[in-house]
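J.: To start, I am sharing the structure in question, which I have written as structure tokens.
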Amino acid sequence: MSIRSVGRQLSFELLAGDSSGDDGIFSPRPLSDHAGQDGGFPIRRKKKSKASKKKKKAAAEIFPKPFDGCCGDEIGFKVLADRSMVETVYENTVVESSRESCISYVELRQRNANGNAIGEMEDEVNSTRESSAGEWRPESNGRATKLEKEESLDWNRMMAENPNLLGEFSSVDKTPLKYFIGEVYNGNSLRSTISAGNEKKRQRVYNTMFHVPWRCERLIVAGFFVCLDSFLSMLTIMPARILMAIWRVVNTRQFVRPNAAELSDYGCFIVLVLGISSLQMIDISLIYHVIRGQGTIKLYVIYNVLEIFDKLCQSFGEDILQVLFNSAEGLSNCSPDKTTFELMRFILDETIAVIAFVVHSFVLLAQAITLSTCIIAHNNALLALLVSSNFAEIKSNVFKRVSKENLHDLVYYDIVERFHITAFLLFVLAQNILEAEGSWFESFLINALLVFMCEMLVDAIKHSFLAKFNEIKPVAYSEFLEDLCKQILNEKPDERRKDLPFIPLAPACVVIRVLTPVYANLLPSGPFIWRLFWIFLWSTLTYVMLAICKILVGLSLHKLATWYINLRLERKQHAD
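Taken in order, the sequence shown gives residues 33 to 608; the numbers are from the numbering used here.
As structure tokens, this is what we get:
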């Protein structure tokens, strides 16, 4: 603050000096010659002219009062000695007439050796100093010329050294056309918001698009045939084992306590028979017309609700069968004094199993009837059902944080769902055989392919993005398939292995309930004995056909499982 005041004092002395001659140039005078006792402006004894008084009054209004006891010459030399760079700009302003002298001012700027500003001394003559380049001054010949604009050497040097100093603000001065041309020649505008990828990103894209869908669908297809093998085993192996046990008792005429496997077969057979008998008492046409005739709840809503109950019954049925098998094992190995207790517990568990699987069978039957209603309807109800159910499944699963174990359970649920949909389509086929008229097979085939394609697409999308969001590699699905192959080969399960939980009792009840009317229409009319003969014949043919399918599916699964496990072992050895 003191340096700035001293600078103003020096400028005031330059302006306050007396003129020598007619050229109007002022000569500086020491401040001590003019300072009074009070530190103000000196009192002139000589009478001044009116023009000089006006000039001095104007200068006194512009420049402030100097400090007391300061010498202008000494301060000026001291200021110049402390400067590393001094830039003096001499500007002339317009005076009232050519006879009056021009008022000059001295602008002193301070710069240190490092280029940082440590002070600045300047005086403004008027409020339009920035536009002083546009003012006019008189010349010696009397002509007025326009002053050239002053260039700041420091600013130009700084901009030359760092041209991008005002890069973010330079676009403000651009015209729309220049801005557009600059963006065109600037390259890809998306690179400002999306960074360039690498090999890891490329592999992630390939995994999402190719590797995960392929391995997931391969696992689901293998699991589907495992479910089919279990379904055929229940319809072929279990009846054969029961007949062999009965034949042994009849042949030996001696009751022997059955083992745990035989008791389990008996319990499952009782559940199957009672489930089929319960579904035989249900009128499918009545349920069909009730579902189609009501307008309160949409068909896809009913289907989604039944699908939720299907998953709940499937999870609960797995626990019930495990408890039933445990009771069968306890009854077969118990001591004679605990036989009554174990028998009562087995009966209780069997009753719970019957109730649970009858309810599950009814849920699957209602779901099959709803799907049949959507396929038969001509108002795009099937499309609405597929879109709503499948995309609701994507929404409920894709954006969740899941672990590798949860993903394993989810893919097993998708396998069971694929098998249930096959059972539903078999139900629709049976209903068309019984009730449809005209050419219906082509329409049924198109709708069935549409349902299967939608399921495959939804499963691929769901598992691809689940693996992407949770950073699960495609090799995880190969590990799941390896566990499934070990389950096929009946290897002893370890702690890390997880088996496919599929219970074919409820789907078998639905399929047998649907196919029974089809076989009834094939029976010829005649006496009861004749009809019994045809029932036995068709049953035998059906059993033989199912047994052949069981043999083909079982042998194929065993060979493929052995080949895949050996392939995995070879790859692990090469990796090591």
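We treat Cβ as the ideally placed atom computed from N, Cα and C, and that holds for glycine.
Tell me which residues share the same chain as Y575 and place their Cβ nearer than 7 Å to its Cβ, disregarding the 5 neighbours each side in the sequence.
T.: Around Y575: T268.
J.: Between the Cα of A480 and those of L353, G470, C406, N365, spot the shortest distance and give me the residue it belongs to.
T.: For the residues L353, G470, C406, N365, the minimum Cα distance to A480 belongs to C406.
J.: Reducing DSSP to helix, strand and coil, say where A228 ends up.
T.: The answer is coil: DSSP assigns A228 none of H, G, I, E or B.
J.: What residue does the alpha helix (DSSP H) around Q519 start on, and which one ends it?
T.: 507–520 is the extent of the alpha helix (DSSP H) around Q519.
J.: Quick check on this structure: which residue in L439, V288, S404, F456 has the alpha carbon closest to the alpha carbon of S393?
T.: Of the listed residues, the one whose Cα sits closest to S393 is F456.
J.: Mapping the DSSP letters down to three states, classify T207 as helix, strand or coil.
T.: Coil, per DSSP.
J.: Between which two residues does the alpha helix (DSSP H) carrying C300 extend?
T.: Run containing C300: 292–312, per the alpha helix (DSSP H) assignment.
J.: Among residues of its own chain, excluding the 5 on either side of V448, which ones have a beta-carbon nearer than 6 Å to its beta-carbon?
T.: For V448, where only same-chain residues beyond five positions count, the Cβ hits under 6 Å are F534.
J.: Specify, as a first and last residue, the run of the alpha helix (DSSP H) that N429 falls within.
T.: Run containing N429: 413–430, per the alpha helix (DSSP H) assignment.
J.: Beta-carbon within less than 8 Å of L521's beta-carbon, same chain only, minus the 5 sequence neighbours each way: which residues are those?
T.: Hits under 8 Å: H590, A593, T594, I597.
J.: In the DSSP assignment, find the alpha helix (DSSP H) that holds R280 and state where it starts and stops.
T.: Counting along the chain, the alpha helix (DSSP H) containing R280 begins and ends at 244–284.
J.: Quick one: using the 10 Å Cβ neighbour count with 16 as the cut-off for buried, is F389 buried or exposed?
T.: Classification for F389: buried.
J.: Which residue comes first and which comes last in the alpha helix (DSSP H) that contains S359?
T.: Residues 331–365.
J.: With three or more C-beta pairs closer than 8 Å as the rule, is the segment 494–502 touching the segment 581–589?
T.: Taking 8 Å as the limit for Cβ pairs, the verdict is that the segment 494–502 does not touch the segment 581–589.
J.: Can you list, in chain order, the residues of its chain whose CB lies under 8 Å from that of S421, leaving out five sequence neighbours each side?
T.: For S421, where only same-chain residues beyond five positions count, the Cβ hits under 8 Å are Y332, Y335, N336, E339.
J.: In this structure, does DSSP put V395 in helix, strand or coil?
T.: Helix.
J.: Is any beta-carbon of chain D found at less than 9 Å from that of G255?
T.: Absent here is chain D; the protein component of the structure consists of one chain.
J.: State yes or no: is the C-beta of R236 within less than 9 Å of the C-beta of Y509?
T.: Not a contact, by the Cβ cut-off of 9 Å.
J.: Could you check whether F459 and I408 sit closer than 9 Å to each other, using their CB atoms as the reference points?
T.: Cβ distance not < 9 Å, so I408 and F459 don't count as in contact.
J.: Give me, in chain order, the residues of the same chain whose beta-carbon lies closer than 8 Å to that of V542; leave out the 5 immediate sequence neighbours on both sides.
T.: Only L311, S393, L396, L397, A400, A455, F459 meet the Cβ criterion.
J.: Does DSSP classify F534 as helix, strand or coil?
T.: Three-state DSSP puts F534 in coil, outside helix and strand.
J.: What residue does the alpha helix (DSSP H) around S370 start on, and which one ends it?
T.: Checking the displayed sequence, the identity of residue 370 turns out to be Lys instead of Ser. That residue, K370, is in no alpha helix (DSSP H); it is neither H nor E in DSSP.
J.: Which residue from L537, P506, D491, L356 puts its Cα closest to that of L442?
T.: When each option's Cα is compared against that of L442, the closest is D491.
J.: Using a Cβ-Cβ cutoff of less than 7 Å, which residues in the same chain neighbour G586 once the five nearest sequence positions on both sides are dropped?
T.: Taken in chain order, the residues that qualify are D261.
J.: How far does the alpha helix (DSSP H) with N464 in it reach, from first residue to last?
T.: It spans 436–467 - the alpha helix (DSSP H) in which N464 sits, taken as one unbroken run.
J.: What residue from M276, E382, N239 has the CA that sits closest to E231's CA?
T.: For the residues M276, E382, N239, the minimum Cα distance to E231 belongs to N239.
J.: Check whether the Cβ atoms of L532 and Q519 lie closer than 9 Å to each other.
T.: Closer than 9 Å, so yes.
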